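Working notes, structure below.
Chains as they are written, first to last, in my numbering: chain A, 1 to 401; chain B, 1001 to 1401.
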């Protein structure tokens, strides 16, 4: 039976998260934001919280506010709020620095825990380029003691994990296709082969179920400004499994990672716990916004959001198949629910041009070469009827193109 | 002749920067903020600019704003605005990441340019601890191929620079004493010995004359939230002398340092110029604030601010000598004008307790072990009469202590 607008309205009426729509700013009249994979929505109370931090804590409090745990304690406090969304314990996550800097820290930490005879850093060619670049930088930095081996698209990553591999580093949900790796199976296979894993969960955290501890993950990093909604350039996060925290070392040994920062000791001593993986001063203003975004999740069962996300991506796929079958689109995101992140990608040979026209028609998406139109779904903000409207506009665009 | 309040009023009346006081928020009624070395003042138009970025560019523009040069171009654009305050060319400075992360990048870059036979990283024991920790982390990371040699306080750094030294890394103005090293003499001596220099100008940038190119400096980093006023945890900056930019390499090879970020190439290729020293996505919200702070300097001769800073620190020293000579204070900041940064430090055996009491009396200062009371002077905001009042309050505090 065909999906119609009435069906979408019924889904909205039954949505247990419908009221959360008001926790975010609506944005432009008539715009439909399917770009949470690039930049999540603005939490409604973020501007006021930011203004209070700026005017009160900074403008009036000034240097006194550095002594306030609100500021210095922010990376750990916000890390704990994020932990429950990604299957981690409160003391296993810290926020600060960018994703690539954190990936550098944790890849270096993982390699340092491994015997030097293991020479391979294993990834895949279609991993997010910055992640590959960081790994390539480490290979150069370590005088080519390591080799970055990249599995080709479609090849079996499990089969490539062997005794030569020191660290497997992958992005959980592909930035291009939206397909999710099997976090648990790959981590398990890596461990069987004596390798460690460093996962980048930028494209799944806050959008879909990520059970880091359930999968036995060693290290993970992720972005704060996509589905998590921390705003443009938000601090990223780092996860280190609790039993590795005492032996893993952070190569970026800045003062905030010191055991006793305010003693101003000459000699470096790493802090216990996740503070060890910080480096410099907390990004107070940006952290204020990220915390506002994570507080939206307070008191709700995160799986409600992940279920809604799956329902949204599923409906979008169904609507594209129903409405656009004759226009040359290929859905390259897996149709199996548990293999999708928060994004759906449809390929079209004129994808660049169509994306641009669709954005002009008020449906925000993004394009990645060579042909991928990406649609990222923020579970709190979107209505099922928004997707009906968005696919209608896409049809209008492609009919005219 | 004794300094009196009238003299201070005369200085205020003759202050060419008096009108700039309104470009910043006043803070708490009656408070005197002598803490610009910890956290500079809030620029008056920063809240509105931040709100516009948050509500318009983020909340309404969303992912479209990533395509706007305002965001992606911010690190280079703001770097150029900062360049003229530190004796650099527009294309020699970039902002982003924290000071310690940038120090890691540039120390690694400097070491990589040098022959491996040079095994010494030269610094001083009283350098800012985070800077020493970063150097110690690099020594560990490079398998103790290098040695961090620290000159003791009072010893001659010039005499310690020899053919074994790969890189000299120092903070221009001491975080503890406020004393400035001779940037030019040390840099010159380093070059004579075949060493490179990496300066941390966190405690002098925006407060005092720093002529990086005049001194022939190779690399420099600094903090955005002290005298530069970028707000708590503001992005830091990195300077690389133009003729080193093509050969120096950044070990943190994130996508924003790639020659063609948006082509999403698998293989890393460093960007030309200072973009090579970026790593991850620009910290848009924090950069908005830092830019507002730097725009205060637009159209004025920076030396006016540096002259006022010298006048403020000089007056403060004179007032402490005049009013507090019998209370056991030692001024440990040099009295020679050109040897001071933006800060005056007075030592007192009960410095911790006195600092706390003085802050309660509304004069914001900061304490560093074992006995240093630090006073940092923001040239745009402070009046000479504020210092009269501050020293009077300090006298009141010490009389009661």
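Quick reminder that beta carbons are idealized off the backbone N, C-alpha and C, glycines included. Everything numeric in this text was worked out from a predicted model, so none of it was measured.
Inset, instruction - Select from A/233, A/243, A/145, A/165 the residue whose C-alpha is nearest the C-alpha of residue 97 of chain A. - result: Numbered from 1 along the first chain, position 97 holds the residue referred to as residue 97 of chain A. Of the listed residues, the one whose Cα sits closest to residue 97 of chain A is A/233.
Inset, instruction - In the DSSP assignment, find the unbroken alpha helix (DSSP H) run with residue 1351 of chain B in it and report its ends. - result: For this step, residue 1351 of chain B is matched to residue 351 along the second chain. Residue range 1351-1360 is occupied by the alpha helix (DSSP H) that includes residue 1351 of chain B.
Inset, instruction - Taking 8 Å as the threshold, find out whether the region 378-390 of chain A comes into contact with the region 1360-1376 of chain B through three or more Cβ pairs. - result: no
Legend entry - For residue 1197 of chain B and residue 1187 of chain B, believed in contact at Cβ under 8 Å, the rounded distance: Here residue 1187 of chain B refers to the residue found at position 187 when the second chain is read from its first residue. Here residue 1197 of chain B refers to the residue found at position 197 when the second chain is read from its first residue. About 5 Å; that satisfies the 8 Å criterion.
Legend entry - Boundaries (first-last residue) of the alpha helix (DSSP H) holding residue 70 of chain A: For the purposes of this step, residue 70 of chain A is taken as the residue at position 70 of the first chain. First-last of the alpha helix (DSSP H) with residue 70 of chain A: 69-72.
Legend entry - Contact set for residue 1253 of chain B: own chain, Cβ-Cβ below 7 Å, skip 5 residues either direction: As a working note, residue 1253 of chain B is residue 253 in the second chain. The answer, listed in chain order, is 1268.
Legend entry - Distance between residue 294 of chain A and residue 266 of chain A (C-alpha atoms, nearest Å): Counting from one through the first chain, the residue named residue 266 of chain A turns up at place 266. Counting from one through the first chain, the residue named residue 294 of chain A turns up at place 294. Cα to Cα, residue 266 of chain A sits roughly 37 Å from residue 294 of chain A.
Legend entry - alpha helix (DSSP H) segment containing residue 1192 of chain B, residue limits: Mapped onto the second chain, residue 1192 of chain B falls at position 192. It spans 1183-1192 - the alpha helix (DSSP H) in which residue 1192 of chain B sits, taken as one unbroken run.
Legend entry - Burial state of residue 256 of chain A, where buried means 16 or more other Cβ atoms lie within 10 Å: Working through the first chain from its first residue, we reach residue 256 of chain A at position 256. Result: buried.
Inset, instruction - Pick out whichever of B/1113, B/1305, B/1031, B/1128 has its Cα sitting closest to the Cα of residue 1170 of chain B. - result: Here residue 1170 of chain B refers to the residue found at position 170 of the second chain. If we check each option's Cα against that of residue 1170 of chain B, B/1128 comes out closest.
Inset, instruction - Give the DSSP-derived three-state secondary structure of residue 373 of chain A in the structure shown. - result: Taking the first residue of the first chain as position 1, residue 373 of chain A is located at position 373. Residue state, collapsed to three classes: strand.
Inset, instruction - Residues of the region 122-147 of chain A with a CB closer than 7 Å to any CB of chain B: list them in chain order, please. - result: 125, 129, 130, 132, 133, 134, 136, 137, 141
Inset, instruction - State the start and end residues of the unbroken beta strand (DSSP E) segment that holds residue 1346 of chain B. - result: Translated into the one-based positions of the second chain, residue 1346 of chain B becomes position 346. If you look at residue 1346 of chain B, you'll find it in the beta strand (DSSP E) that goes 1343-1347.
Inset, instruction - Determine, using beta carbons only, whether residue 282 of chain A comes closer than 8 Å to chain B. - result: The sequence position of residue 282 of chain A within the first chain is 282, counting from 1. So yes, residue 282 of chain A belongs to the interface.
Legend entry - Reduced DSSP secondary structure (H/G/I, E/B, other) of residue 1220 of chain B: Locating residue 1220 of chain B in the second chain gives position 220, counting from the first residue. Residue 1220 of chain B falls in the strand class under three-state DSSP.
Legend entry - Burial state of residue 1262 of chain B (16 or more Cβ within 10 Å): Taking the first residue of the second chain as position 1, residue 1262 of chain B is located at position 262. With fewer than 16 other Cβ atoms within 10 Å, it is exposed.
Inset, instruction - Note down the Cα distance separating residue 1081 of chain B from residue 1020 of chain B, rounded to an integer number of angstroms. - result: Residue 1081 of chain B sits at position 81 when you count from the first residue of the second chain. Residue 1020 of chain B sits at position 20 when you count from the first residue of the second chain. Approximately 18 Å, taken between the alpha carbons.
Inset, instruction - Specify whether the region 312-320 of chain A and the region 209-222 of chain A touch according to this definition: at least 3 beta carbon pairs, one from each stretch, less than 8 Å apart. - result: no
Legend entry - Within-8 Å CB hit, residue 120 of chain A to chain D: No chain D is present in this structure, whose protein chains are A and B.
Inset, instruction - Classify residue 1099 of chain B as helix, strand or coil using the three-state DSSP reduction. - result: Mapped onto the second chain, residue 1099 of chain B falls at position 99. Three-state result, residue 1099 of chain B: helix.
Inset, instruction - Use the C-beta contact count for residue 1037 of chain B: other C-beta atoms within 10 angstroms, 16 or more gives buried, fewer gives exposed. - result: Indexing the second chain from 1 puts residue 1037 of chain B at position 37. Buried: at least 16 other Cβ atoms inside 10 Å.
Legend entry - Short Cβ contact (8 Å threshold) for residue 340 of chain A with residue 180 of chain A: For the purposes of this step, residue 340 of chain A is taken as the residue at position 340 of the first chain. For the purposes of this step, residue 180 of chain A is taken as the residue at position 180 of the first chain. Yes.
Legend entry - CB contact check: residue 1203 of chain B to chain A, cutoff 8 Å: Taking the first residue of the second chain as 1, we reach residue 1203 of chain B at position 203. Residue contact check for residue 1203 of chain B against chain A: no CB pair falls below 8 Å.
Inset, instruction - May I ask you to report which of helix, strand or coil DSSP gives residue 39 of chain A? - result: Residue mapping note: residue 39 of chain A aligns to position 39 of the first chain, counting from 1. In the structure shown, residue 39 of chain A sits in coil (DSSP, three-state: anything other than H, G, I, E or B).
Legend entry - Per-residue burial, residue 1 of chain A [other beta carbons within 10 Å of its own, 16 or more giving buried]: Walking along the first chain from the start, residue 1 of chain A turns up at place 1. That one is exposed.
Legend entry - One or two residues paired with residue 1124 of chain B in a DSSP bridge: Position 124 of the second chain, counted from the first residue, corresponds to residue 1124 of chain B. Partner(s): B/1151.
Inset, instruction - Starting from the Cα of residue 6 of chain A, find the closest Cα among A/385, A/400, A/396, A/395 and give me that residue. - result: Taking the first residue of the first chain as position 1, residue 6 of chain A is located at position 6. The candidate whose alpha carbon is nearest that of residue 6 of chain A is A/385.
Legend entry - Straight-line Cα distance separating residue 381 of chain A from residue 1345 of chain B: Sequence index remark: in the second chain, residue 1345 of chain B carries index 345 (1-based). Sequence index remark: in the first chain, residue 381 of chain A carries index 381 (1-based). C-alpha separation (whole angstroms): 53 Å.
Legend entry - Residues of the region 1248-1262 of chain B whose Cβ lies closer than 9 Å to any Cβ of chain A, in chain order: 1249, 1250, 1251, 1252, 1253, 1254, 1255, 1256, 1257, 1258, 1261, 1262
Legend entry - Within chain B, partners of residue 359 of chain A - CB distance below 8 Å: Taking the first chain and counting its residues from 1, one reaches residue 359 of chain A at position 359. What residue 359 of chain A touches in chain B: 1064.
Inset, instruction - Pull out every residue of the region 33-49 of chain A whose Cβ sits closer than 8 Å to any Cβ of chain B, in chain order. - result: Within the region 33-49 of chain A, contact with chain B at the beta-carbon level (separation under 8 Å) is assigned to 33, 35, 38, 39, 41, 42, 46, 47.
Inset, instruction - Taking only beta-carbon positions, decide if residue 1166 of chain B is within less than 8 Å of chain A. - result: Here residue 1166 of chain B refers to the residue found at position 166 when the second chain is read from its first residue. So, not an interface residue.
Inset, instruction - Output yes or no for whether 8 Å exceeds the beta carbon distance between residue 95 of chain A and residue 239 of chain A. - result: Translated into positions along the first chain, residue 95 of chain A becomes position 95. Translated into positions along the first chain, residue 239 of chain A becomes position 239. No, the Cβ-Cβ distance between residue 95 of chain A and residue 239 of chain A is not below 8 Å.
Inset, instruction - Could you tell me the boundaries of the alpha helix (DSSP H) in which residue 237 of chain A lies? - result: Residue 237 of chain A sits at position 237 when you count from the first residue of the first chain. Taken as a continuous stretch (DSSP letters only), residue 237 of chain A belongs to no alpha helix (DSSP H), being part of the beta strand (DSSP E) at 237-240.
Legend entry - Secondary structure of residue 264 of chain A, DSSP reduced to three states: To locate residue 264 of chain A, count along the first chain from 1; it is residue 264. When secondary structure is reduced to three states using DSSP, residue 264 of chain A falls in the coil class, being assigned neither helix nor strand.
Legend entry - Proximity test, Cβ basis, 8 Å: residue 333 of chain A and chain B: For the purposes of this step, residue 333 of chain A is taken as residue 333 along the first chain, with counting starting at 1. So no, residue 333 of chain A is outside the interface.
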